[in-house]
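Reviewing the structure listed below.
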Amino acid sequence: MLLSFSVIVASLAVAVSAEFLAFVAELAAAVALLAAAVALVPAVVAELAAAFAFVVAVLADVAASVAFLVTSVTFVEICEAV
Numbered sequence: 028m029l030l031s032f033s034v035i036v037a038s039l040a041v042a043v044s045a046e047f048l049a050f051v052a053e054l055a056a057a058v059a060l061l062a063a064a065v066a067l068v069p070a071v072v073a074e075l076a077a078a079f080a081f082v083v084a085v086l087a088d089v090a091a092s093v094a095f096l097v098t099s100v101t102f103v104e105i106c107e108a109v
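Just so we're aligned, residue 28 is where the sequence shown starts under our numbering, counting upward by one.
Below you can see the structure in the form of structure tokens.
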């Protein structure tokens, strides 16, 4: 009777230990996933900054093209007037 009780207690201890180890491993995986997500935030911010800089550069190019067009039209009008 005592031997079977000891076997039951030992089996229970092994099961609880295995369950605890699985819980700790899952917690460690969750922490690693959170760390990866936090590390991803600066990359996303940098990507957004690069996209914004690209849009600003495109708008500057459009403004330069419009200025060149206005200058060209003005030059043609001056040439026709002379």
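Backbone N, C-alpha and C fix where the C-beta goes; we use that ideal spot for every residue, glycine too.
Just how far apart, CA to CA, sit residue 112 and residue 59?
One cannot answer for residue 112 here, as it falls past the ends of the chain, which runs 28 to 109.
Alpha carbon to alpha carbon, how far is residue 77 from residue 95? Give it in angstroms, no decimals.
27 Å
Can you grab the Cα-Cα spacing for the pair residue 34 / residue 56, in whole Å?
33 Å
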